[in-house]
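Counted the way the numbering used here counts, the sequence shown spans residues 5 to 149.
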Amino acid sequence: MEEVVGEGEDEDLSGREAIGLYEVVECVGQGGMGAVYLAREEGLGPMVAVKVTHTERAAPEDLARFEREATLMGRVEHEKVVRLMDQGQTEDGLRYMVMPFYAGKDLKDVIDEAEGLLPIERTLDIACQLLAGLQAVHEAGVVHR
5 MEEVVGEGED EDLSGREAIG LYEVVECVGQ GGMGAVYLAR EEGLGPMVAV KVTHTERAAP
65 EDLARFEREA TLMGRVEHEK VVRLMDQGQT EDGLRYMVMP FYAGKDLKDV IDEAEGLLPI
125 ERTLDIACQL LAGLQAVHEA GVVHR
């Protein structure tokens, strides 16, 4: 998702406290197609990331792309590829995907914090991890664009 939003800016949930079986904690990011929420499986479940569509303003092709993404994610099992844990649709039509929540920095933050070039060893380590995930995706018959 492109833009990080602050706590309380959950306009897409219309005051909703849960998405399916997942209790919403806060919005952690938004983009053109939807938003990502930090949530917890009901009870004492683990923290998860719940990706939802902007259903009210999504074009049919966007909803189809969201469904296709969930289907393809479910086909790939690899330590370097985010695992799809659950997917569904609420009674009022909100579509969602559930993935493990990984706290920490994203690649952009790592690069920005380097204040210049990353050391070659770190660059090669990151590249190898990315390529291992990409290989798993391709072996599952998924073409990443």
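Just so it is clear, CB atoms sit at the ideal spot from N, CA and C, and this is done for glycine as well.
| Query | Result |
| --- | --- |
| Candidates 58, 57, 42 and 59: closest to residue 51 by CA position | 42 |
| Continuous alpha helix (DSSP H) stretch holding residue 75: start and end | 64-79 |
| Paired residues, beta bridge with residue 94 - DSSP | BP columns for residue 94 are empty, so no partner. |
| Collapsed DSSP secondary structure at residue 84 in the structure displayed | coil |
| Buried or exposed by the 16-neighbour rule on C-beta atoms within 10 Å, applied to residue 114 | exposed |
| Cβ shell of residue 124 (< 7 Å), same chain only, five flanking positions each side left out | none |
| Stretch pair the segment 57-66 + the segment 83-90: three plus CB contacts closer than 8 Å | no |
| Contact under 9 Å by Cβ, residue 59 with residue 20 | no |
| Exposure of residue 91, with buried meaning 16 or more beta-carbon neighbours within 10 Å | buried |
| For residue 38, the first and last residue of its enclosing beta strand (DSSP E) | 38-45 |
| Residue from 56, 105 and 39 with nearest C-alpha to residue 93 | 56 |
| Contact with chain C by residue 64, beta-carbon distance below 9 Å | The structure shown contains no chain C, having only a single protein chain. |
| Span of the alpha helix (DSSP H), counted from its first residue to its last, around residue 59 | Where residue 59 is concerned, there is no enclosing alpha helix (DSSP H), given that its DSSP letter is neither H nor E. |
| N- and C-terminal bounds of the alpha helix (DSSP H) containing residue 33 | Taken as a continuous stretch (DSSP letters only), residue 33 belongs to no alpha helix (DSSP H), being part of the beta strand (DSSP E) at 26-34. |
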